[in-house]
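Residue numbers (our numbering), protein chains in the order written: chain D, 247 to 565; chain C, 16 to 206. Reviewing the structure listed below.
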Amino acid sequence: MSTSDMRVTEALNDCLELIERGSTLEECLERYPDIPDELAPLLSMALETQQTAGSVHPSPEAQRAGLGAITEAWAAMEERRRRRERGPWRLLRRSWVLAAVVLLVLLFGGWTTATAAQDSVPGDTLYPVKQTQERVMLVVVFTRGGKADLHARLAEERTEEVVKLAEMGRDPVVVDEVTQRFAEHMNECVSLLGGRLSAQGKASSGSVGLSGPRGMAYGLSPDMVIEGTLSFEDRPRRFRHEGRFVRPWTGSGSERRAAMQERFFQQFQQFREMREGLSDDLIALHRSRMDEAFARSERLLLEAFLVMRELEDVQNPPE
Amino acid sequence: MQDTENLVRSAQEGNLSAFGQVYEAYYLRVYRYAAARVGQGAEAEDITQEVFLKALNSLNKFKFTGPPFAAWLFRIAHNLVIDRARHYKAAAAATSGPPAPIDDALSVPGDDNVEEQAMVSLDMEALREALDKVTKLQRQVIELRFLAGLSLAETAAVMSRNENAIKALQHSALGALRRLLAPQASAEVVP
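And the structure:
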């Protein structure tokens, strides 16, 4: 886009906002005396479109009927909720009771259900069983390292669910939710290992920090080489990673961090492949949201990967 | 009327009246968005009702930390209109005769000024025909910004793009519409 086009783009949006706040078209054009010929037809088109939309009205009967349908649906939902609360399943609303039941099912023969639930995705009947299994596992693992491992495994599980949901063409809202839970597992995992992710787009503080406007700067080449810049105690360092590390890992926690790096890197590759494999048949919105979800996950994995590396360098400085 | 966030929060806590107010606040905008795709009338009214029923069923999944409520609601609306438009095209292709218009006689609301309604309908039809000819993204940005009346930020959230991308899209979309609806006038401006 040329500079003059960009100027028209900005001026157009500015004028649309001014008109929304009560300015006239003429007042807007006076603010941009150098481009009135470009702006005027676009603004007129916007106003004509708004006027046409403003003349479109549904029938009042349909609006009332819709409200009636909502009231009925609300009543039905309330009734279902009351029945659940009255029934024998109400005990299961307590998470520890549900956890205990699932534990019993796991121990005494519910393998069929439990195994079937492993393959379920959000929206499936058995998915709540899978979620409860995961909660139970998080309760029964006590060590920080063990929990970090488990969160990494659960993040991987969410990755697989995202793949399945994308293949099934499920609602992108569900994919968003799973991506969010993936991010939560990643945050937990890294935090348990002593690092911190700038997942909210804010530079992390504390012992490990990532440089750049979004907390880190990195580059990717087509052959999957990762280059990154990290800052630790205000000293920027550059990294380059080509799939595997050759430096021997020593000291406490090294093995785990190395394993985590490999895991994060593999998941990163998986998301990249998913992004590249997105079907052209997907509708634009669906596609852009999937793309965004995958890109967000990629960024997160890359950060996690680099944080692991930084932690390792802090404990075992390279010679 | 309370702001949308408070109403949605109240509805999530079990207040039907709050959800009713959300319905009143957004009904017209969702209807206009649907009408841009399937024409005015019963079909657009059905879609609008379905959007709110789906929103009601998923209301507890809405999180205030994510995209704004309007964006969440219009994502539901978008998925539904796309789905309906696909079914309509398939049904039209399966019939041997000329495709039946979706926006039939029922589309005219109960207003006395029949002449004005006819003119409005014609304008809307011309707009819909032009929207059929622009790109999918241009169409969506026009529908969200100028028919549904969403803000730039809300439109960006629905389309999962940043605001600068939406500004550029609305520029190109209005230019494309202008060329389609007023070709002679725009020929003087656009080389």
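By construction, the Cβ of each residue, glycine as well, lies at the ideal position given by its N, Cα and C atoms.
query: Sub-9 Å separation of E158/C and L146/C beta-carbons; result: yes
query: Where S32/C falls: helix, strand or coil (DSSP); result: helix
query: Opening and closing residue of the alpha helix (DSSP H) in which F67/C lies; result: A57 to N72
query: Element boundaries [alpha helix (DSSP H), containing D260/D]; result: T249 to E266
query: Integer Cβ distance of A363/D from V375/D, believed to fall under 8 Å; result: 4 Å
query: Min CB distance A412/D to chain C below 9 Å; result: no
query: Neighbour flag for Q27/C against chain D, beta carbons, 9 Å; result: no
query: C-beta neighbour in chain C for P374/D, strict 9 Å; result: no
query: Beta-carbon spacing of L162/C, R90/C below 9 Å; result: no
query: Short CB-CB distance (under 9 Å) between N259/D and chain C; result: yes
query: Contacts that L71/C makes with chain D (C-beta to C-beta distance below 9 Å); result: I316, A319, W320 and M323
query: Chain C residues whose Cβ lies nearer than 9 Å to that of E544/D; result: Near E544/D there are no residues of chain C at all, since even the closest Cβ is about 15 Å away, more than 9 Å.
query: Per-residue contacts from G312/D into chain C (C-beta, under 8 Å); result: Y38, Y42, E60, T63, Q64 and F67
query: Below-9 Å beta-carbon distance, L189/C vs any chain D residue; result: yes
query: 6 Å CB neighbourhood of S274/D in its chain, flanking five on each side removed; result: The identity of residue 274/D in the sequence shown is Cys, whereas the question assumes Ser. Here the set comprises C261 and L264.
query: Nearest-angstrom Cα separation, counted from M432/D out to R328/D; result: 37 Å
query: Below-9 Å beta-carbon distance, Q426/D vs any chain C residue; result: yes
query: Cα-Cα separation between V436/D and R442/D, rounded to whole angstroms; result: 6 Å
query: Sequence-distant residues of its chain with Cβ nearer than 8 Å to D119/C (five each side left out); result: Unreliable placement is indicated for D119/C, whose pLDDT of 36 sits below 50; no coordinate value is reported for it.
query: Expected contact under 8 Å - CB spacing of L184/C and Q153/C to nearest Å; result: 6 Å
query: CB contact below 9 Å: R90/C versus chain D; result: yes
query: Alpha-carbon spacing of R304/D relative to A257/D, whole angstroms; result: According to the sequence displayed, residue 304/D carries Pro and not Arg. Cα-Cα distance, rounded: 34 Å.
query: Touch test, the region 27-41 of chain C against the region 305-325 of chain D, Cβ-Cβ under 8 Å, three pairs minimum; result: yes
query: Proximal residues to R503/D (C-beta, below 7 Å), its chain only, five neighbours per side dropped; result: L439, M554, L557 and E558
query: Local Cβ density within 10 Å of E549/D, reported as buried at 16 or more and exposed below that; result: buried
query: Boundaries (first-last residue) of the alpha helix (DSSP H) holding I157/C; result: K151 to I157
query: Partners in chain D for D138/C, counting only beta-carbon separations shorter than 8 Å; result: T298 and S301
query: Neighbour list for L288/D in chain C, Cβ cutoff strictly below 8 Å; result: H186, L189, G190 and R193
query: Same chain, Cβ closer than 8 Å to A429/D, five either side skipped, listed in chain order; result: A445, R542, S543 and L546
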